[in-house]
Amino acid sequence: MDVVIVESPAKAKTINKYLGSNYKVLASFGHVRDLPAKDGSVRPDDDFSMDWEVDKPSQKRLSEIAQAVKGADALFLATDPDREGEAISWHVLEVLRQKKVIKDKPVSRVVFNAITKKAVLDAMANPRQIDEPLVDAYLARRALDYLVGFTLSPVLWRKLPGARSAGRVQSVALRLVCDREAEIERFKTDEYWQIAAKLGTLRNEDFVARVTGYEGEKLQRLSIGSEERAFEIRDMLEGASFRALSVDAKPTRRNPGPPFTTSTLQQAASAKLGFGASRTMQVAQRLYEGMDIGGETVGLITYMRTDGVQMAPEAVAAARKAIASTFGERYVPEKPRYYSTKAKNAQEAHEAIRPTGFDRHPKDMERYLDRDQARLYDLIWKRAIASQMASAEIERTTVEILAENGARRAQLRATGSVVRFEGFIGAYQDHRDDSKNQADQAEEEDESARLPEIRAEEALTKRAIEPTQHFTEPPPRFSEASLIKRMEELGIGRPSTYAATLQTLQDRDYIVQEKRKLLPDSKGRLVTAFLHNFFEKYVEYDFTADLEEKLDRISAGELSWKDVLRDFWKDFSAHVDGTKELRVSDVLDALNEELGPLVFPPKGDGTDPRACPRCGGGRLSLKLGKFGAFVGCSNYPECNYTKQLGTSLSADSPDDGGLNEPKELGNDPETGEVVTLRSGRFGPYVQRGEGKEAKRSSLPKGWEVAEMDFEKALRLLSLPREVGIHPESGKPILAGLGRYGPFLQHDGGYANLETVEDVFTVGLNRAVTVIAEKKERGGRGRGTPAAIATLGEHPTLGGQITVREGRFGPYVNTGKVNATLPKGKDPASVTLEEAIQLLTERAEKTGKAPKAKAAPKKSAARAAPKKAAAKKAPAKKPAAKKTKAAAGGD
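Heads up: the sequence shown at position 841 corresponds to 841 in UniProt numbering, and the numbers run straight through without jumps.
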């Protein structure tokens, strides 16, 4: 019996089917060791020696693996075909050597880019040894990330209270978001006009031409900058005669883009499917690990963490064959297409992302996949097959037109295009090419209208002249996809790190996502400003990219990983030591200098934006406190004015209506206590009375500070409201506002109301109906939330694992076991392995893990004497413990 180690249980199950009963395939559930999250885990003074820690779940899985290897003939390490996969295999092997179970057993490393029977069997037939340079590159990366995080973060904590952490790649990605926001804030809008003429031909067919020149001046996009000039040109054209000077029809070709890489897949999935980076990778992981297709588990796509753009020769041949059979021979180019990436520092060590079989058409696979899987597979299949199809043949026509009004002249141009042969465009239902950027696509769509037949020197008839006003727009905020694209262009990070980096920034509250756009939070702006002023070198794009290139050279065996660490640490540690004498006042001076225009924007009335609104004589300045930065008055303690910073970083954020201090609304008629409107850390709220016992209520979504009055405040403070007594249970029904909006509460259960106003107006009959409808939908107790996603079956607890949004946050569930997700974890990004680990740990803590089966009783003829049996009874305990350990693993 040979033992094979992979990362995930889903992968293990599939591969075991391919290899048969002579192999035992076990899952490591990802990494089995990591650096302990404490100072001293990497020791530069000891030649960068590193301590590794095995967590409790991994200890049990490694014990199971060690037990299996002890009785095995050989060990095959079959983790993913990249640096992280190589590192997992190395870690597993190191632990097994420490446990002294390897001995003289042969150990082999096998890699496959797709989980298909052929790919797996071919890999098993061609094993190799662990790639030491690839492991060295992993060790260097891990050490660098640790040293930066555990050296720089304490500096932040001391000098910039409220900051969470800094990271080698994380901080540079954050700077990209902050720099883009600053660029948007500095942007000055310019007005410009465009003039279109609707013209007709002699055959009475209409088309549109745009003005490109006037009175000998060539007009650019921003040349017509005022309504006055636009109307001057319009008036001239209204009385002009029009003539086609030339008609030029040129055949052009559009070539397809390469198959997807990790970055381009995330960009396309974001644009077309609305997926975040984490969600894209989660769905792609399932497609890679394998789906049940007609009773056979098959991996549908190749490995999805790659920056390579080439497909294997056999895949190219299969694609060309599929193109011929699906679209026709004309769609097959004469020679296979070759692609090379333009991304900085791309390794191209692996294939691009492609289907494992081009004969598995997306339409045929739909019945085996859920909606998200089917949509992503469709995207991957079309992009990959289009990459080997013939070019689209397009005829582009340009008509140059002269307008004459006496001695005054203007030039116009009309463009159009006709697809003579669709080529690769035929692979896309929507006839759009993902390889083009938005500007290119917009330009092509503008030219896509087919022009009528126009002859040179033909007189044209004016139908209408239409000037339109436009304004220049700032660069768009980054989305997850466009940020990843920019990081890839700069050579920052690698395919396996993109999604995790973005998730970390959101978990740290450094950035927020609104309508799929990334905005820096005030914490992120402050951290970036601090690092830019005092650690500028380490958040420079080129410096980070150069370090990534060195890591790539380590993986290629060209550099020593410890030499790279020594060079980095020498300068970095000296720089950190140089900040020890840095005073908080120095930090504040730098932050006020850099962020002052944003924190204290100019006021419309021309008054000093930094004048204290309370005392009038003090000046506002950034201050640092236990919970981060805030704005305070220079006359403290005589003046105790303070103001929290909002996401926009402005000290006059609109989210609280400029509410700088409590605003009295009136006195409660029952208690006589003062009711005030205030602004707090979590937004505006109303309060009755003072001190810890004061009643408070946040303003619900949609209620504006400017519209708050005494009556509305009393209504909020009266919640929860008793609607009435339920006619069947005899128990009260309450209406209130909670974390997830307006609700009804009855007998320990909850039912949602549609609007905030319903809380104050819903009557007993309607409330009883809403509660009854909730029960009919299957709610129990407080209600079982609908599943956000279904991940797969738990290998030991049984049942399908689902992700749900609960009253106290998102959680994973199987059967009667629930496990809360870590704080900040995006429910859409949870992987099957993470869910299994969380549920297993939770089951063990609550005693819901499967119990060991009792050992079979011996026959009476072979039964031992009672005393002997009593002595041997304790020996059964290890068996039970072993079963429990197994429950924590597979």
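Each residue gets a CB set at the ideal place from its N, CA and C atoms; glycine is no exception. Every value quoted in this text rests on a predicted model; they were computed, and no experiment measured them.
Item: Touching by the beta-carbon criterion (3+ pairs, under 8 Å), the region 93-102 and the region 265-272; Value: no
Item: Where Asp323 sits in the DSSP three-state scheme; Value: As written in the sequence, residue 323 is Ile, which differs from the Asp given in the question. Note: Ile323 maps to helix in three-state DSSP.
Item: Cβ-Cβ separation, Gly290 to Ala352 (assumed contact under 8 Å), whole Å; Value: About 20 Å; that fails the 8 Å criterion.
Item: Strand pairing of Cys633, partner residues [DSSP]; Value: Leu620
Item: Three-state secondary structure (DSSP) of Ser829; Value: helix
Item: Residue range of the unbroken beta strand (DSSP E) whose run includes Arg721; Value: 721-725
Item: Distance between beta carbons of Gly557 and Pro133, contact taken as under 8 Å; Value: 4 Å
Item: Proximity to residue 899 [Cα-Cα], best of Arg141, Val419, Leu518, Glu489; Value: Examination of residue 899 is not possible in this model, given that the chain is present from 1 through 890 alone.
Item: Where Val3 falls: helix, strand or coil (DSSP); Value: strand
Item: Through-space distance from Thr814 to Ala885, alpha-carbon basis; Value: In this prediction, Ala885 scores a pLDDT of 33, lower than 50, which makes its location untrustworthy; the coordinate-derived value is nonetheless stated afterwards. Taking the straight line joining both Cα atoms gives about 19 Å.
Item: Cα-Cα separation, Asp2 to Glu64; Value: 14 Å
Item: Cross-strand partners of Phe76 (DSSP beta bridge); Value: Val4, Ser108
Item: CB contact flag (Ile401, Ala545, <8 Å); Value: no
Item: Candidates Gly596, Gln310, Ala87, Arg142: closest to residue 931 by CA position; Value: The structure shown does not extend to residue 931, since the chain is modelled only from 1 through 890, so no value can be given for it.
Item: Euclidean distance between Cα positions of Glu664 and Leu152; Value: 45 Å
Item: Stretch-stretch touch, CB-based, cutoff 8 Å, three pairs: the region 565-581 with the region 516-530; Value: no
Item: Per-residue DSSP class, three states only, for Ile293; Value: strand
Item: Contact between the region 302-318 and the region 399-416 (3+ Cβ pairs under 8 Å); Value: no
Item: Neighbourhood of Pro732 by C-beta, 7 Å cutoff - its chain only, sequence neighbours within 5 removed; Value: Glu722, Ile725
Item: Limits of the unbroken beta strand (DSSP E) element including Pro742; Value: 741-746
Item: Nearest-angstrom beta carbon gap, Val631 and Val599 [assumed within contact, 8 Å]; Value: 7 Å
Item: Ile454 and Thr201 closer than 8 Å at C-beta; Value: yes
Item: 3-residue-minimum beta strand (DSSP E) runs that sit fully inside the region 556-615, ordered along the chain; Value: none
Item: Status (buried if at least 16 other CB within 10 Å, exposed otherwise) for Pro822; Value: exposed
Item: Through-space distance from Arg494 to Arg375, alpha-carbon basis; Value: 25 Å
Item: Same chain, Cβ closer than 6 Å to Trp381, neighbours up to 5 away in sequence not counted; Value: Pro355, Pro362
Item: Three-pair Cβ contact test at 8 Å for the region 169-185 versus the region 496-516; Value: yes
Item: Straight-line gap, Phe543 to Leu551 (C-alpha atoms, nearest Å); Value: 13 Å
Item: Contact under 8 Å by Cβ, Val298 with Thr79; Value: no
Item: Extent of the continuous alpha helix (DSSP H) to which His350 belongs; Value: Here His350 belongs to no alpha helix (DSSP H), and DSSP marks it neither H nor E.
Item: Residue of Leu237, Arg180, Arg164 minimising C-alpha distance to Ala196; Value: Leu237
Item: Residues sharing a beta bridge with Glu395, DSSP; Value: Pro251, Val418
Item: Completely contained alpha helix (DSSP H) runs for the region 452-523, where each covers 4 or more residues; Value: 480-490, 498-507
Item: Per DSSP, cross-strand counterpart(s) of Ile801; Value: Gly792
Item: Distance cut-off 7 Å: Glu458 Cβ against heavy atoms of the ligand FAD; Value: The ligand FAD is absent from the structure shown, which contains no ligands of any kind.
Item: Lys250 versus Pro727, Asn405, Asp206, Arg420, residue with shortest Cα-Cα distance; Value: Arg420
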